[in-house]
Every structure is written in C-alpha cells, then in structure tokens.
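*Asks:* My structure is below; once you've seen it, I'll send some questions.
Residue numbers (my numbering): 41 to 764.
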C-alpha cells in the first residue's frame with residue numbers, strides 16, 4: 041500500500057483510540073471525518089485492514105471500536121526450534137508464540153496468553169502471560185555430567201530447554217544414562233527448569249533402553265501392582281456349570297478365531313452358516329466375556345481403566361490386563377470352553393441385518409486359524425491347506441462371500457477405506473533393527489474387519505434406540521475449510537470434488553480415492569485426505585462416524601485390549617439381566633462422559649508411543665545404510681524441502697540446502713519445488729532416486745539427498761508459466 045493509505049489508516053485508528061470516541065458505524069465515521077463519497081470504498085478497506093491487524097473490532101450492531109486486550113486460555117505446544125503454539129477451543133486456529141513470548145512455558149502447560157494486535161504473517165500471534173498448570177511432573181532424557189552439576193536433555197524435542205540437576209540429586213548418573221527426572225522447579229523466562237533424577241533407566245547404548253525411555257516418557261504403566269496380579273490369578277478359574285447357567289450354549293456351533301501368527305490375546309471368534317431357502321447368512325461374532333472376571337471398581341477394573349488400552353510396541357506388548365487373563369482365561373483358545381458375549385446376526389443378500397440377538401453365551405472354538413492359512417485356502421486355493429482344514433473350508437468360502445456383500449454395502453453408502461502400506465520392524469536379540477518387512481491386508485484380514493464392523497454397528501444401533509447410557513465411537517465431519525483446501529490441491533492434478541462449499545458427504549471423498557487409484561499421486565492424495573479429516577474419539581453422544589458413513593458405531597469387539605469395549609460389555613450384561621434400573625441408569629449417566637474422555641486420551645497416548653518407537657527404529661535401521669541409494673516417491677512438500685518415502689515405508693527429508701544444482705523455491709498452491717535457473721520441478725508423487733545422507737536415532741530423523749545418477753532428477757517445467 042502507498043504512504044497515503046498508511047497515513048489515512050493511522051488517522052482513522054487515532055480517531056477510534058481517542059478517549060472521547062463513541063463506537064460508530066462506517067457512515068457516521070465518514071461524516072465525522074468528512075470523507076468524500078468516492079473515497080468511502082478506501083475507508084471501508086482501511087477499517088477491514090485494522091480489523092485484520094487486531095487493532096479494532098466490529099460490534100454486533102455494526103459499530104467500530106478499539107479492540108480490547110484479549111486473554112485466552114489454552115495448551116502450549118512446544119517446538120524444537122524454540123517457539124511454540126497454543127491450542128485453544130476459543131479460536132479456529134492455533135496461536136503462534138515466538139521464542140520471546142514463551143515466558144518459561146513448557147510443552148503441554150495450560151497457559152493464559154494475550155493475542156497480539158498488529159501481527160504479521162498467516163497466523164495469529166500471541167505471548168504467554170502466565171502458566172496456569174503444568175502437564176509434566178516427570179521428564180525422560182539423556183544425562184550429561186558437568187563438574188559440579190548435571191543436566192538432562194529431554195527426549196521429547198518439544199521440551200526444548202535442558203533441565204538443571206544439582207550434584208546431590210544426580211543419583212549417581214553418568215554421561216549417556218537415560219533417566220527419569222522429577223521436576224522440582226519449572227523455571228521461568230530467565231531460569232532453566234530444575235529437577236532430580238528419580239530413576240536410571242540404563243545407558244543409551246544398552247539393549248532395550250531406547251524403547252523403555254519411550255515407555256517412561258509417555259508415562260505408560262509397565263508393571264501390574266501385586267494386588268492386581270493376585271486378583272487376576274484368583275478369578276481365572278476354569279468355566280464351571282454354574283458359570284454357564286442362563287447362557288446360550290453354542291459349543292456345538294462351528295467357529296474359529298482368525299488372527300496373526302504371533303497373537304496371544306484372542307478376544308473374537310466368528311461363525312457363519314448359509315440358509316439357502318431364505319437366502320440368509322447367520323453370522324455370529326463371539327467376544328470374550330471379560331466382565332465376568334473384571335468386576336466394576338475392582339483392583340483389576342481400576343488398573344484396566346488407568347491403562348485404557350494395550351500398547352503394541354515393536355519388541356513388546358504392554359497389556360491392559362494381566363497375562364493370566366489376556367492370554368489365559370479371557371483368550372478364546374482352541375478346544376477350551378469360554379464365556380462370551382455374542383452378537384448373532386441374520387444378514388440378507390444386500391448386506392442388511394434383518395434380525396439380531398445380543399446374548400451371553402458359552403462357546404468352544406474349533407480351530408485357531410491364522411490370516412495366512414485362511415488366505416491360502418480362499419485366495420491361493422492351496423490344496424494342502426484346504427485338506428488340513430477340510431471340515432471348515434466351506435465355511436471360509438461363505439465368510440468370504442458374506443464379507444464381500446457387507447463391504448459392497450458400506451462402499452455404496454460412502455464408507456472411506458484408506459489402504460496405506462504398513463510395515464513391521466524386525467529386531468534381533470539385542471533390539472537392533474535388521475529388516476523392515478511389508479505388512480499387507482489380505483482377504484482373511486478383510487473378512488475379520490468386515491465382521492467386526494457390522495457387529496459394532498449392530499450393537500451401537502440397538503443401544504441407541506433403547507436410550508441406555510453408552511459409549512460410542514464417533515467421527516465428526518471434517519472442517520469445511522480443510523476440505524476446500526484439499527479440493528484446491530487435487531484440482532492441480534485434474535481431480536475434481538463436488539459439494540465442497542457445503543457440508544461434504546463421505547461418498548465424495550470415497551469417489552476421489554477411487555479416481556486416484558493406481559495414479560502416481562494416490563499415496564499423496566490419500567494421506568492429505570486423511571489429514572483433512574478429524575480424529576475419531578469416544579463420546580456418550582451417538583453423532584455418527586463420518587469415515588464409515590455410519591449413523592451408529594461403537595467398539596464392542598476387543599474388551600481384552602480396549603477399556604471402552606469392556607465398559608459397554610458391563611452395560612449390555614446388566615441390561616440383559618434386567619438390572620438396568622433408575623439407579624444404574626443415573627450411575628452410568630454420571631460416569632460415562634469422563635470414562636469416554638479418558639479412553640480417548642489413553643488411545644492417543646498409546647498411538648503416539650507406538651509411532652515414536654517405529655520412527656526411532658526406522659532411523660536406527662537407516663544408520664546402517666548411510667551412503668546407499670534407494671528409489672522412492674515424494675510424499676510431502678514444505679518450504680524447507682520435501683519428504684521421500686521408500687517402498688519399505690521409511691520416510692526421509694531432502695532438505696532444500698541439499699539440493700545443490702540450483703536455488704529451489706516452494707510453490708505452496710501446487711505443492712512443487714522448482715529451480716530458478718534450471719527449471720527443474722519436484723512434485724508430490726514423483727519417483728526419485730535418493731542417497732541416504734544421515735540418520736539420527738535420537739531425533740528420529742532421516743536425511744536424504746538426490747542421487748547424482750538420478751535419471752528422474754527433477755522434471756522439466758511444462759506448465760507454460762514463467763517462474764520467478
């Protein structure tokens with residue numbers, strides 16, 4: 041803008057800041073300032089600009105006034121580079137906090153901030169006024185010793201300040217020890233946090249210490265209290281005749297468990313039969329009756345809720361329940377009588393559940409099957425495997441047929457199916473990664489997914505219409521602005537989206553994913569589509585599941601490893617036994633909101649720990665391949681470089697500083713990196729050959745550079761547009 045505009049803007053702002061000024065509408069301001077009619081559009085532009093800068097605000101009556109100092113409470117999210125953001129429910133986007141405005145806040149702290157007026161850039165900017173409460177009492181990190189004191193470098197890079205440790209509180213730690221530090225002073229803008237070592241996990245180079253550090257860092261419970269172990273051993277008794285009373289006996293029904301080869305906590309069994317006369321399939325989803333052993337508010341129950349979920353790390357499982365139950369009496373082991381909660385469904389040829397019953401049952405699994413064996417039978421038509429399980433083979437083919445029908449119905453209503461490549465990190469006996477192998481979904485895994493989904497929907501719909509307090513699994517509609525951004529992005533590749541101005545239907549995203557299938561941009565657009573959606577969570581309100589295009593959904597099928605499932609089993613059983621009276625209804629109305637919220641939090645904690653361990657082990661694996669070349673696909677773009685994903689799912693960064701042949705710039709609208717002089721362009725989805733430059737296990741990062749003999753190094757710019 042020219043100087044005249046800025047001078048006029050300053051004059052308008054001075055008027056509004058005058059102590060004698062009374063809030064006015066634009067016409068009143070124009071009259072007072074004697075603004076000519078032809079200059080009024082500029083006055084309107086000036087007022088809009090002052091609003092954008094946070095200096096003035098518009099009242100509900102359309103009058104302009106000076107912006108009040110705005111205080112907001114939120115959660116501080118640190119960044120390794122020294123700045124941070126504050127997440128708050130009051131604003132649609134995070135508030136940027138520069139390093140100078142942090143005021144001693146630590147990642148996770150609840151803070152009060154002031155949103156600053158006159159900020160520049162794309163985000164609102166603010167500064168921390170005070171820390172209201174701290175998220176962490178303990179921090180995990182690497183100990184470094186000095187002459188008269190020590191300090192700990194936190195593993196969590198979002199906690200970017202070292203922690204001072206007085207000499208008398210080092211607990212004998214030496215350089216390189218991974219330690220747990222109890223914070224005794226959180227510091228301030230001028231002083232570092234202070235703490236004392238309360239646990240030495242082990243040396244950074246000792247086997248298993250790296251993963252244990254992640255476990256402690258996320259405050260994941262490891263050992264079960266003795267009282268919980270004793271209670272588990274007491275209740276884990278064989279199924280007796282008394283236990284079976286009042287239950288439907290399904291031990292004569294053919295049923296199987298289908299799981300991975302190394303699974304030990306088998307909490308679901310399935311049975312299928314086909315009625316040719318009625319053209320109906322009878323599907324039974326039989327879930328371990330964990331609540332028979334884990335009673336409400338017992339030591340077992342309190343510990344299970346505290347954990348919220350089992351956590352699956354690359355070298356261990358941290359179970360929600362002691363192994364005596366999770367791998368023993370609650371596991372649906374082959375040939376053993378087990379108590380179950382069964383969802384028995386009649387399904388027609390269109391995939392409609394035309395009848396169902398939820399019942400307490402007693403079952404006996406015929407065979408413990410693996411995904412590999414079932415795949416060999418129904419996909420590979422392996423004769424040896426089919427003969428081995430000849431009594432059950434016809435049922436497997438009926439399962440495949442029914443699963444296909446259910447999948448087709450979900451697809452027709454708009455269910456979104458992301459099929460990202462997954463991998464498994466293989467470790468040696470010392471915990472070092474030796475391989476990364478693909479983990480693909482096959483026909484057998486899809487069968488179990490389809491059967492669990494329909495059981496979860498059926499149970500949720502049943503209890504919604506009974507109007508009984510319940511925990512649902514909900515997935516809110518995506519933010520419209522994110523969907524509009526996605527639509528603009530995919531348009532660069534020639535893919536259109538409908539309905540982005542209004543509330544989008546999941547079917548539109550499903551159609552997009554179908555159109556990009558097998559295209560070079562498939563993986564990229566799929567990931568961006570997923571990122572544009574909200575996270576699923578547990579709630580007491582049945583608001584639907586956007587991703588599944590389902591009105592009713594819950595988690596019913598895994599009570600051994602998920603507390604929400606255990607909780608709703610307890611509700612279902614009380615209801616089936618006629619004990620859901622007014623008092624119990626009020627009890628569940630009171631406790632379920634907090635339980636749902638806590639389970640969402642423990643789920644996030646587990647996911648973060650699992651991802652962190654995988655990233656760490658992938659970085660460690662690539663340390664053994666520095667200097668080697670690989671072919672990969674560009675999977676992410678930023679102004680500082682682009683990410684490349686290898687076929688084994690390892691992802692590394694090609695930093696713009698390591699693009700030596702030109703000066704490269706990022707085109708945000710097209711998600712491209714282009715060279716000013718050479719005209720080379722790097723695009724999302726493009727195949728490139730890279731060389732491993734560096735890998736850091738501690739920071740969990742991998743750096744690539746473009747290989748010198750890269751036949752696909754950059755693409756010529758064919759846009760016809762001038763660059764620069």
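Virtual Cβ for every residue (Gly too), placed ideally from N, Cα, C. Since the structure is predicted, the reported quantities are computational estimates derived from the model, not experimental observations.
Let me make sure I understand the geometry here. Which of 680, 687, 731 has the alpha-carbon closest to that of residue 711?
*Replies:* Per the Cα distances, 680.
*Asks:* Cα separation between residue 799 and residue 475?
*Replies:* In the structure as shown, the chain starts at 41 and stops at 764, and residue 799 therefore has no counterpart that could be examined.
*Asks:* Which residues bound the alpha helix (DSSP H) around residue 434?
*Replies:* Taken as a continuous stretch (DSSP letters only), the alpha helix (DSSP H) holding residue 434 covers 433-453.
*Asks:* Any idea which residues DSSP pairs residue 467 with across the strands?
*Replies:* Paired residues: 473.
*Asks:* Quick check on residue 285: buried or exposed, where buried means 16 or more other Cβ atoms within 10 Å of its Cβ?
*Replies:* Exposed, because fewer than 16 other Cβ atoms sit within 10 Å of the Cβ of residue 285.
*Asks:* What residue does the alpha helix (DSSP H) around residue 767 start on, and which one ends it?
*Replies:* Since the first residue of the chain shown is 41 and the last is 764, residue 767 is not available in this structure.
*Asks:* Can you say whether residue 770 is buried or exposed, counting buried as having 16 or more other CB atoms within 10 angstroms of its CB?
*Replies:* No statement about residue 770 is possible, as the shown extent of the chain runs from 41 to 764 and does not include it.
*Asks:* Residue 693 and residue 704 - do their beta-carbons sit closer together than 7 Å?
*Replies:* It is not a contact, given that the beta carbons lie outside the stated cut-off.
*Asks:* Comparing alpha-carbon positions, which option in 282, 546, 87 lies nearest residue 103?
*Replies:* Of 282, 546, 87, the residue nearest in Cα terms is 87.
*Asks:* So what's residue 686 in DSSP terms, helix, strand or just coil?
*Replies:* Looking at residue 686 - three-state DSSP - the assignment turns out to be coil, as it is neither helix nor strand.
*Asks:* What residue range does the alpha helix (DSSP H) around residue 413 cover?
*Replies:* Its alpha helix (DSSP H) spans residues 411-418.
*Asks:* Look at the alpha carbon of residue 60 and the alpha carbon of residue 141, and state the distance between them as a whole number of angstroms.
*Replies:* Cα to Cα, residue 60 sits roughly 33 Å from residue 141.
*Asks:* What do you get for residue 161, buried or exposed, if any count of 16 or more other CB atoms within 10 angstroms of its CB means buried?
*Replies:* Residue confidence is low: residue 161 scores 48 on pLDDT, short of 50, so the model does not pin down where it sits. No coordinate-derived value is stated.
*Asks:* Rank 346, 330, 383, 389 by C-alpha distance to the C-alpha of residue 367 and give the top, closest one.
*Replies:* Closest by alpha carbon: 330.
*Asks:* Hey, residue 445 and residue 391 are a contact pair by Cβ (cut 8 Å); roughly how many whole angstroms apart?
*Replies:* Confirmed, about 5 Å.
*Asks:* Would the stretch 574-585 and the stretch 498-513 be scored as touching if the rule is three or more Cβ pairs under 8 Å?
*Replies:* Judged by Cβ distances under 8 Å, the stretch 574-585 makes contact with the stretch 498-513, as three or more pairs qualify.
*Asks:* Might you give, ordered along the chain, the residues of its own chain that have their beta carbon closer than 8 Å to the beta carbon of residue 287, omitting 5 neighbours on each side?
*Replies:* Counting only Cβ-Cβ distances below 8 Å, and skipping sequence neighbours, we find 379, 399, 400, 401, 402.
*Asks:* Quick check: what's the CA-CA separation for residue 101 versus residue 64?
*Replies:* If you take the alpha carbons of residue 101 and residue 64, they lie about 9 Å apart.
*Asks:* Cutting at 7 Å between CB atoms, please list the residues of its own chain near residue 130, excluding the five before and the five after it.
*Replies:* The answer, listed in chain order, is 112.
*Asks:* Please determine if the stretch 174-192 and the stretch 224-238 are in contact, where contact requires at least 3 C-beta pairs separated by less than 8 Å.
*Replies:* They touch, by the three-pair rule.
*Asks:* Please classify residue 575: does DSSP put it in a helix, a strand, or coil?
*Replies:* The answer is coil: DSSP assigns residue 575 none of H, G, I, E or B.
*Asks:* Assuming residue 601 and residue 349 are in contact, meaning their beta carbons sit under 8 Å apart, how far apart are those beta carbons, in whole angstroms?
*Replies:* Contact flag correct, Cβ pair sits at about 6 Å.
*Asks:* Might you give, ordered along the chain, the residues of its own chain that have their beta carbon closer than 6 Å to the beta carbon of residue 673, omitting 5 neighbours on each side?
*Replies:* Hits under 6 Å: 685, 727.
*Asks:* Across the stretch 163-183 and the stretch 132-148, are there enough close Cβ pairs to call them in contact, namely three or more that are closer than 8 Å?
*Replies:* With the cut-off at 8 Å, the stretch 163-183 and the stretch 132-148 touch.
*Asks:* In this structure, does DSSP put residue 514 in helix, strand or coil?
*Replies:* Strand.
*Asks:* Which value, in whole angstroms, describes the spacing of the CA atoms of residue 96 and residue 226?
*Replies:* The alpha-carbon atoms of residue 96 and residue 226 are separated by roughly 36 Å.
*Asks:* Within 8 Å, do at least three Cβ pairs link the stretch 730-741 to the stretch 658-668?
*Replies:* Yes, the stretch 658-668 is in contact with the stretch 730-741.
*Asks:* Just to confirm, does residue 613 get its C-beta within under 6 Å of one of the non-hydrogen atoms of the ligand MN?
*Replies:* Of ligands this structure carries none, so the ligand MN is not represented either.
*Asks:* Here's a check: name, in chain order, each residue in its chain whose Cβ is nearer than 6 Å to the Cβ of residue 561, leaving out the five neighbours to either side.
*Replies:* Only 533, 725 meet the Cβ criterion.
*Asks:* Classify residue 723 as helix, strand or coil using the three-state DSSP reduction.
*Replies:* Of the three classes helix, strand and coil, the one that applies to residue 723 here is strand, per DSSP.
*Asks:* Where do the N-terminal and C-terminal ends of the alpha helix (DSSP H) with residue 503 fall, by residue?
*Replies:* It spans 483-506 - the alpha helix (DSSP H) in which residue 503 sits, taken as one unbroken run.
*Asks:* Are the Cβ atoms of residue 409 and residue 323 separated by less than 7 Å?
*Replies:* Contact flag unset, no.
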